[in-house]
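First the structure, in the form of structure tokens, and then the observations on it.
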Amino acid sequence: MQPLIRNREFLLALVVIALIALIGLRAPEFVTPGNLAQVFTDTSILMMLALGQMAVIMTRCIDLSVAANLALSGMVVAMVNAANPAIPMPVLLLLTLVVGGALGVVNGLLVWRVGIPSIVVTLGTLSIYRGTIFLLSGGAWINAHQMSPAFIGLPRVEFLGLPLLAWTAIVIVLLVAAAIAWTRLGRAFYAVGGNPTAAVYAGLDVGRTQFAAYVMSGLLAGLCGYLWVSRYAVAYVDIAGGFELDVIAACVIGGVSIAGGIGTVGGAVLGALFLGITKNALPVIGVSPFWQMAISGGVIIAAVIINARSGRRRGRLILREAQAQS
Amino acid sequence: MTDHTLDTLAGSPGTLPDRLDLGWRRWMRWEVLLLAVAIGIFLINSFASPYFLDPWNLSDATFNFTEKAIIALAMALLIIAGDIDLSVASIIALASVTMGAAAEAGVGTPGLVAVGLLTGLAAGAFNGFLITRFQLPSIVVTIGTMSLFRGICYIALGDGVYRNYPSSFAWFGQGYVWWVFSFELALFAVLAFLFGLLLHKTVFGRQIFAVGNNPVAALFSGVRVQKVRFSLFLLTGLASGIASILLTARVGSTRPSIALGWELEVVTMVVLGGVSIMGGSGTIVGVVIAAFVMGLVTFGFGLLNVPGIVMSIFVGLLLIGVIALPIGIRKLARRWQGVSGRAKR
């Protein structure tokens, strides 16, 4: 076991707590339990997406299409709900998972079976999925009054003081953490990303593992599609535009290495919380929300520099430097 | 870049000759195919719309891709060297905002051009410095700076707009050099020629291929790998600065959301032009033809009143299809060769 002080998640948790404390100095009303719960709920979607993205990044791929997938899945369920409010919620939830999962399957197959570099695949599907929303909806908005009360109300149902949206995130985080720690697939994510050649010799199918990661990311994006649309009670072409960058930022801040094989659920969750707290705190401490984008950019760069410096000390220097240059 | 199937790791025999033969054979295949596609689209367009063949219309058509194509020239070199820059569209926005601020302060046209170019260079240098000095993956750093540069634009401008550009400045985006040939098109032609020379006829060009194919081997052969990579980021920043001047002069105003999402189209152009996204191979001729293909498609769709977002579906399909096609053919060919080919390995 490494000492606590060098544990990345522990340090990140300290940074997050320090951040909350600093904001509390300027605006004490921010640190009330009620408000913190609000911030957590607001960050739930980002947190879940970050977990899917983490799995993809760990297998040396990237999923730039998550936000477009979320928007398309959300639009599909919103349109179905608007067209026929009688369809019960479990069916709609299944539908959003199927749509999101199918879009993830498309990404995964293109990476696994066709062998196209993941960044190209998801750059392409990002604009294809967004365009498809326009084709489906004709550019029209689905507004709150077109959605059924159950559709909008479900994530808002309170249970032990937290809305269902936050509980969903908590359950998903626990599920993914368990899956990553204890299932064959979870360990395969690390093996495939850490050293693909060795993974093949160990009997793992690299492409198939990457495929599984994309399906996981797609399923989570589908789930978040419904959650997003019902939380903001509106669906249109551009919802969650550019959100994929926030998701990747959460992973990078959380110490997930873009070179693959390194990452933890705790890190990704803390990374998402860090972004969520800054986003919610800016208006409270009187900074223009226009600062948000530059801050996330700066934090991504800082995080990746820190990650690279702490990662370099370990192990075979010559090989590592050779790899670093490629 | 992130694809690590066993095939690419082992350097399958099928891909090796392609990579070594950087001149004639690729040019014989991909670029000719692409040219055929371009001519095909041209013909379809001229049948589909009676307005297409008008010289002034065709000249207008060039405006919507020359700015992206100028960045694509530099991006091609960067991708051949094994890197990528996703922050180009944000550099355009940053340069446009600094030019706008300078114009508000009363700076004249030559000054504005200098400001635009310097901002592009500075942003490129920042990317290059982070990536080569700290040995960071270019994709993450430029995703970061993409957000940082555009974020700075939002901080500076918010929901405001700069539009006090001197009237002589508009010439860069709207002026004509001769008859229907705009300044933008002429500049693109000159730059394409220069980039072609740089990549295919100079030592620096050979070094770019060497770095992209195998950076460690290049280092051992005396190539200053980090210096080459840094200069390419600088070059891409400069190209984005030039594109920013053209775009700002053409539309005559600056908002923080200017050129949003252009990085996708620039990368598509480069990849469509036959540059391998894994680095190590590609030609400028290919990128130039690809720029025309995308310009013609966009313009043709525009004449047929297809909305922009539907075009983005097409661009996405084009990007994936163009890469999937040769991979699919190679796979089929390998299956066709059958067991005998596998035994020889």
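Protein sequence lines correspond, in order, to chains A and B. Start counting the first sequence at 1; every next residue gets the next number (this note's numbering). Start counting the second sequence at 1; every next residue gets the next number (this note's numbering). Note that the Cβ used here is the ideal one computed from N, Cα and C, for glycine as well.
With distances taken between CA atoms, L187 (chain B) lies nearest to B:A239 out of B:F233, B:T98, B:A114, B:A239. Counting the other Cβ atoms within 10 Å of the Cβ of K201 (chain B) gives fewer than 16, which makes it exposed. Annotation for W178 (chain B): the continuous beta strand (DSSP E) segment containing it runs 176-178. Residue burial annotation: Y162 (chain B) is buried, with at least 16 other C-beta atoms found within 10 angstroms of its C-beta. For A192 (chain B), same chain residues with a beta-carbon under 7 Å away, outside a window of 5 residues either side, are L73, I284, V288 in chain order. Neighbours of P137 (chain B) in chain A, taken as residues whose beta carbon is under 7 Å from its own, are I258, A259 in chain order.
Check the Cα spacing between G124 (chain B) and each of B:L136, B:G237, B:I44: the tightest is with B:G237. I116 (chain A) has a beta carbon lying within less than 7 Å of a beta carbon in chain B.
Residues of the same chain with a CB within less than 8 Å of the CB of L296 (chain B), apart from the 5 flanking positions on each side, are A38, I41, F42, N45, A61 in chain order. When Cβ-Cβ separations below 7 Å define contact, G280 (chain B) makes no contact with chain A.
In the displayed model, I84 (chain B) falls within coil according to three-state DSSP, outside both helix and strand.
Residue pairing from DSSP leaves P155 (chain A) without any beta-bridge partner. DSSP places M294 (chain B) in the uninterrupted alpha helix (DSSP H) bounded by 284-303. DSSP places F189 (chain A) in the uninterrupted alpha helix (DSSP H) bounded by 184-194. A direct Cα-Cα distance of roughly 40 Å separates G321 (chain B) from H145 (chain A). Closer than 7 Å to the CB of Y154 (chain B) there is at least one CB belonging to chain A. Chain-order list of chain B residues neighbouring R130 (chain A): I309, S312, I313, G316, by C-beta distance under 9 Å. Minimum Cα-Cα distance from G161 (chain A) among the listed residues A:L174, A:T41, A:R187, A:M147 corresponds to A:T41. L123 (chain A) belongs to the set of residues whose beta carbon lies under 7 Å from a beta carbon in chain B. Around L46 (chain A), the same chain offers D246, V247, A250, A272, L275, G276 as residues with beta carbons nearer than 7 Å, after the five sequence neighbours per side are excluded. Listed along the chain, the chain A residues whose CB falls inside 9 Å of the CB of T145 (chain B) are G297, I300, I301. Its Cα nearest to that of W228 (chain A), the residue A:L72 stands out among A:D205, A:L72, A:V111.
Closest by C-alpha distance to A78 (chain A), out of A:S257, A:C224, A:P196, is A:C224.
The C-beta separation of V97 (chain B) from A156 (chain B) comes to about 5 Å, placing the pair in contact by the 8 Å criterion.
Distance from the Cα of P137 (chain B) is smallest, within the candidate group A:S257, A:A294, A:G298, for A:S257. For A179 (chain A), same chain residues with a beta-carbon under 8 Å away, outside a window of 5 residues either side, are L185, G186 in chain order.
The region 306-321 of chain B makes no contact with the region 112-126 of chain B; the number of CB pairs closer than 8 Å stays below 3. For H200 (chain B), the enclosing alpha helix (DSSP H) covers residues 183-201.
Under the criterion of beta carbons closer than 8 Å, L246 (chain B) and E104 (chain B) do not qualify as touching, at roughly 20 Å. Against chain A, a Cβ distance below 9 Å from A186 (chain B) picks out nothing, because the smallest value is about 30 Å. The region 83-97 of chain B makes no contact with the region 48-58 of chain B, as fewer than three CB pairs between them are under 8 Å.
In the DSSP assignment, P33 (chain A) falls within the alpha helix (DSSP H) that extends over 33-58. At least one C-beta of chain A is nearer than 7 Å to the C-beta of V140 (chain B). Among the CB atoms of chain B, none fall inside 7 Å of the CB of V99 (chain A). Using a Cβ distance threshold of 7 Å, L303 (chain B) and S49 (chain B) count as a contacting pair.
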